[in-house]
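Colleague: Counting from 884, one number per residue, gives the positions in the sequence shown under the working numbering. The beta-carbon is built from N, C-alpha and C at its ideal position, and this holds for glycine as well. Note that the structure is a prediction, hence the values are computed from the model and not measured.
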Amino acid sequence: MRGLVFLLLVAAASARVYDRCEWARVLKRHGMDGYRGHSLANWVCLSKWESDYNTRAINHNTDGSTDYGIFQINSRWWCSNGTPTSNACNIRCSELLTDDVSVAINCAKRVVRDPNGIGAWVAWRRHCQGRDLSSYVAGCGV
884 MRGLVFLLLV AAASARVYDR CEWARVLKRH GMDGYRGHSL ANWVCLSKWE SDYNTRAINH
944 NTDGSTDYGI FQINSRWWCS NGTPTSNACN IRCSELLTDD VSVAINCAKR VVRDPNGIGA
1004 WVAWRRHCQG RDLSSYVAGC GV
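What follows is the structure, given as structure tokens:
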């Protein structure tokens, strides 16, 4: 039991959790401001509610799929975790859990090009859609 607790603490310690403004600047550098018509604030809001800006976030869904990384990208449609999947981003799900967020950002760009667009993310629909999101980038200099 102590070994499991140690492994969980090591995993948590190695997770990259961005602060709001740092994440906004990373997204801007990767061309997300205005990508497919969505403001930087939309992407920051989405990430806040999906993962709390945590690159190592994992969520197991009731349908058997798993959401990975800072954008909580779903294994059923977007990445491969060893189970049958559409893998539309053509990546391993584990690549979404690294501190190199370029893979996650590129996959998010692929997701938003799908007909559901940014609405593919439930958290965006529940917490960001149709709201004043200016507070998500306020004071960030972006």
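If contacts are defined as beta-carbon pairs under 8 Å, then Ala1003 and Val994 qualify, I think. What distance do you get, rounded to the angstrom?
Modeller: Yes, Ala1003 and Val994 are in contact; Cβ-Cβ is about 5 Å, under 8 Å.
Colleague: Comparing the C-beta of Asp916 with each C-beta of chain D, is any distance below 8 Å?
Modeller: As a matter of chain content, chain D is missing from the structure shown, which is built from one protein chain.
Colleague: Can you tell me which of Asp946, Ile953, Gly947, Leu979 puts its alpha carbon nearest to the alpha carbon of Cys962?
Modeller: Closest option to Cys962, Cα to Cα, is Leu979.
Colleague: Once DSSP output is grouped into helix, strand and coil, what is the label at Arg975?
Modeller: The answer is strand: DSSP assigns Arg975 an E or B state.
Colleague: Measure the alpha-carbon distance for Arg912 versus Glu933 and round it to whole angstroms.
Modeller: The alpha-carbon atoms of Arg912 and Glu933 are separated by roughly 21 Å.
Colleague: Do you know offhand how far Tyr901's Cα is from Arg1014's?
Modeller: Roughly 23 Å separates the two Cα atoms.
Colleague: In the structure shown, what three-state DSSP assignment does Val1025 receive?
Modeller: Residue state, collapsed to three classes: coil.
Colleague: Keeping to the same chain, check which residues put their C-beta closer than 6 Å to that of Ser1017; ignore five residues upstream and five downstream.
Modeller: If we look at Ser1017 and ignore the five residues flanking it on each side, it has no Cβ neighbours.
Colleague: Going along the chain, which unbroken runs of the alpha helix (DSSP H) with 4 or more residues stay wholly within the segment 897-971?
Modeller: List check, alpha helix (DSSP H) in window: 903-912, 923-934.
Colleague: With distance defined between alpha-carbon atoms, name the residue in Asn999, Phe954, Asn973 nearest to Asp982.
Modeller: For Asp982, the nearest C-alpha among the options comes from Phe954.
Colleague: Whole angstroms are fine: how far does the CA of Thr949 sit from the CA of Arg996?
Modeller: Each residue's alpha carbon lies about 21 Å from the other.
Colleague: Just mark Ala940 as buried or exposed, buried being the case when its beta carbon has 16 or more other beta carbons within 10 Å.
Modeller: Under this definition Ala940 is a buried residue.
Colleague: For Cys1011, which of His943, Cys904, Ser922 has the nearest alpha-carbon?
Modeller: Checking every option, the nearest Cα to that of Cys1011 belongs to Ser922.
Colleague: For Ser958, which residues from the same chain have a beta carbon less than 8 Å from its beta carbon, with the 5 sequence-adjacent residues on both sides left out?
Modeller: Around Ser958: Ser948, Thr949, Asp950, Tyr951, Asn964, Thr966, Thr968, Cys976.
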